[in-house]
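There are 2 protein chains.
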Amino acid sequence: MPSSPPAVPAPTPAETPTLAELMRRGDVFSDRCPSREVLQHVTSRWGVLVLVALLEGTHRFSDLRRKVAGVSERMLAQTLQWLEADGLVRRQAFPVVPPHVEYSLTGLGREAGERVQALADWIEGNLADILAARETVQRDKSANRPK
Amino acid sequence: MPSSPPAVPAPTPAETPTLAELMRRGDVFSDRCPSREVLQHVTSRWGVLVLVALLEGTHRFSDLRRKVAGVSERMLAQTLQWLEADGLVRRQAFPVVPPHVEYSLTGLGREAGERVQALADWIEGNLADILAARETVQRDKSANRPK
DNA sequence: ATAAGTACGCACACAAAGGTAAGTACCCAT
DNA sequence: ATGGGTACTTACCTTTGTGTGCGTACTTAT
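Here the protein sequences line up with chains A and B, keeping their order. Number 147 marks the last residue of the first sequence (full-length UniProt numbering); no jumps. Number 147 marks the last residue of the second sequence (full-length UniProt numbering); no jumps.
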């Protein structure tokens, strides 16, 4: 149980990448780097689930809606448009009535999807540990201020 | 250029996992599964960046604030509390004045962090392709409705 | 003596995310 | 003929995320 802070090891100098550098290779730690937008689309609430769902193959709009439980039509459409704009999802519309549209991953989308799936899988597999940790952390906090 | 939709391959039967099953192994596709909350914390705008930052080692609050460019004190504190509650981040406060608090990853946090880093790294490395795709997709859309 | 740094909590405000409901223009099953 | 399915869009409203500014209780640097 440490009561005094450790000594500082080494100061990290500040970095200021140019815009051109941010295009060649993004930097999520940089405030105005475009990679942050992409990150937000990919890690958005429904974006993650759509990418994982599409890893299994092409889906129609309403198939996705059923698979991704809880998503509204509005947000599913919105999310798909984000991912399509970023070149991760391909949209194929057939000129028939009633409408028929198929969504699938592009090459980029598949690569991204595999990474988000790795994360989602890990969370699913370790959910029990995480929920257990929640209890523990909560208990420890309460112990530090019993009144 | 397909103009008629392909035939359907096979209908997937509906699944309804019980709450108990959702605890042993989460299912992010299930509406009320707790894994979704965890997913949201981990993939939140600042959660991603904090996890990646902490992979490099222990950081103080203000170190994180400087490293994660653009985050406000309010949201950094909030994000850290989410991750701490989920057992991914450890908080160590020293009873000194001025305040000194150190944040680090737990075992769970490191595993999660590695996965989000893999995603962040991929996005950084493929940013150029994604930005290029944005242009292309935009152009294709405009071409389909020139007026 | 004054300013800056530290790690937050709190109140206020705004914008974005997200849900609900309705409308569209047809087809198909009952 | 009525109801449901399809792939959205739009308008309206609520919730959440997020930023800003202020206060704190001191210490260290200027």
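Yeah, the Cβ is synthetic: ideal placement off N, Cα and C, and Gly gets one too.
Could you tell me whether any Cβ in chain B is nearer than 9 Å to the Cβ of residue i?
i	result
A/V97	no
A/S44	yes
A/R145	Residue confidence for A/R145 is low, a pLDDT of 49 falling below 50, so the modelled location carries little weight; the figure read from the coordinates is stated next. Chain B contact via Cβ: absent.
A/A53	yes
A/F61	no
A/L80	no
Do you know whose CA, among the options, lies nearest residue i's CA?
i	options	result
B/G70	B/R60, B/V28, B/G113 and B/R45	B/R45
A/E114	A/R134, A/R74 and A/L54	A/L54
A/R139	B/W122, B/S30 and B/G87	B/G87
A/A118	A/E37, A/L51, A/K141 and A/H41	A/L51
A/R91	A/T58, A/E37, A/K67 and A/E73	A/T58
A/A112	B/S104, B/L108, B/V89 and B/W122	B/W122
A/S104	A/Q81, A/A120 and A/N126	A/Q81
A/V68	B/D27, B/A120, B/L49 and B/S72	B/D27
B/R24	A/R134, A/K141 and A/I130	A/I130
B/L108	A/A132, A/R110 and A/H41	A/A132
Around the Cβ of residue i, are there at least 16 other Cβ atoms within 10 angstroms (buried) or fewer (exposed)?
i	result
B/K147	Low per-residue confidence applies at B/K147: pLDDT is 37, beneath 50, and the placement is therefore not dependable enough to give any value.
A/E124	buried
B/A128	exposed
B/E84	buried
B/T43	buried
B/Y136	This sequence places Thr at residue 136 of chain B; Tyr is not what is there. B/T136 should be labelled exposed.
B/S35	buried
A/G47	buried
B/A143	exposed
A/A77	exposed
Consider the C-beta atom of residue i and the heavy atoms of the ligand SAH; say whether any pair is separated by less than 8 Å.
i	result
A/S44	Looking at this structure, you won't find the ligand SAH or any other ligand, since it has none at all.
Consider the Cβ of residue i: report whether some Cβ of chain A lies at a distance smaller than 9 Å.
i	result
B/Q40	yes
B/M23	yes
B/T136	yes
B/S104	no
B/A77	no
B/R115	yes
B/E73	no
B/A10	Residue confidence is low: B/A10 scores 47 on pLDDT, short of 50, so the model does not pin down where it sits. Its coordinate-derived value is still stated next. Closer than 9 Å: no.
Output the boundary residues of the alpha helix (DSSP H) element that contains residue i.
i	result
A/L88	Premise fails: A/L88 is in no alpha helix (DSSP H) and is neither H nor E.
A/S35	S35 to V42
A/S62	F61 to K67
A/R45	R45 to L55
Just curious, the beta strand (DSSP E) that residue i is in, first and last residue?
i	result
residue 187 of chain A	Residue 187 of chain A cannot be examined here, being either before or after the span of chain A that is shown, 1 to 147.
Across the region 94–102 of chain B and the region 94–101 of chain A, are there enough close Cβ pairs to call them in contact, namely three or more that are closer than 8 Å? no
Does the region 58–76 of chain A come within contact of the region 26–43 of chain A, defined as at least 3 CB pairs closer than 8 Å?
-> Contact annotation: the region 58–76 of chain A does not touch the region 26–43 of chain A, with fewer than three C-beta pairs closer than 8 Å.
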